[in-house]
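Before any comments, here is the structure.
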């Protein structure tokens, strides 16, 4: 495909759509691969896929392969789901929660997300879903952005405690955060300081792809 070849020289935008949640969704050929972007940041594939792949490697591919049920809060184009299925060869169930119906339409059309048999997509607010779900999960991936902003509820102790209660013993949370200023840095430190060290171990993987910091939580009791 000629667009793919030329994309090594210059990004080639092939689709744009206004979205109520993300303002603008763009599908672009960049460096030989299709990526999904919002107005100001990468939403799926490209750098975001590298960031979350790095976090999954830190947990361990063999550990993930043995899991039964993974929850993804914030699906976008589904790059982390593709990593789980195609690279890690994870065979268990994946539940993806995404608030933006426009993004899921794009993910199905351009990234074939609907062809992944073990994936169930639920259109819902992540906060509401976490309160309602009766399931427990081996891995919870939190990757929720509205363009470059992260909703405040993600860092509130009520939400983080609820996330941890729906996590199985020896389960993991992989939380992708963005740090653009010192206030964000302090926010992350406060978030980590509020996690009970008797029940959970916490690792911070700073400055992944410049502005992202991954927080990895393991439930040990």
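Residue numbers (the working numbering): 22 to 242. For each residue, glycine too, the CB sits at the ideal point set by N, CA and C. Just so you know, these numbers come straight off a predicted model, no measurement behind them.
Do you know how far the Cα of residue j is from the Cα of residue i?
i: residue 47; j: residue 219; result: 44 angstroms
i: residue 75; j: residue 195; result: 10 angstroms
i: residue 137; j: residue 185; result: 27 angstroms
i: residue 107; j: residue 159; result: 19 angstroms
i: residue 229; j: residue 98; result: 20 angstroms
i: residue 182; j: residue 112; result: 28 angstroms
i: residue 213; j: residue 163; result: 15 angstroms
i: residue 209; j: residue 234; result: 9 angstroms
i: residue 221; j: residue 161; result: 14 angstroms
i: residue 121; j: residue 40; result: 8 angstroms
i: residue 193; j: residue 90; result: 11 angstroms
Looking at residue j and residue i, is the spacing between their C-beta atoms short of 9 angstroms?
i: residue 119; j: residue 144; result: yes
i: residue 109; j: residue 86; result: yes
i: residue 134; j: residue 101; result: no
i: residue 188; j: residue 114; result: no
i: residue 127; j: residue 36; result: yes
i: residue 156; j: residue 198; result: no
i: residue 63; j: residue 226; result: no
i: residue 200; j: residue 223; result: no
i: residue 57; j: residue 77; result: no
i: residue 34; j: residue 123; result: no
Could you spell out the range, first to last residue, of the beta strand (DSSP E) harbouring residue i?
i: residue 110; result: First-last for residue 110: undefined, no H or E at that position.
i: residue 190; result: 188-199
i: residue 40; result: 33-40
i: residue 120; result: Careful: residue 120 lies outside any beta strand (DSSP E) and carries neither H nor E.
i: residue 229; result: 221-229
Going by DSSP, what residue range makes up the alpha helix (DSSP H) through residue i?
i: residue 83; result: 82-86
i: residue 153; result: 147-153
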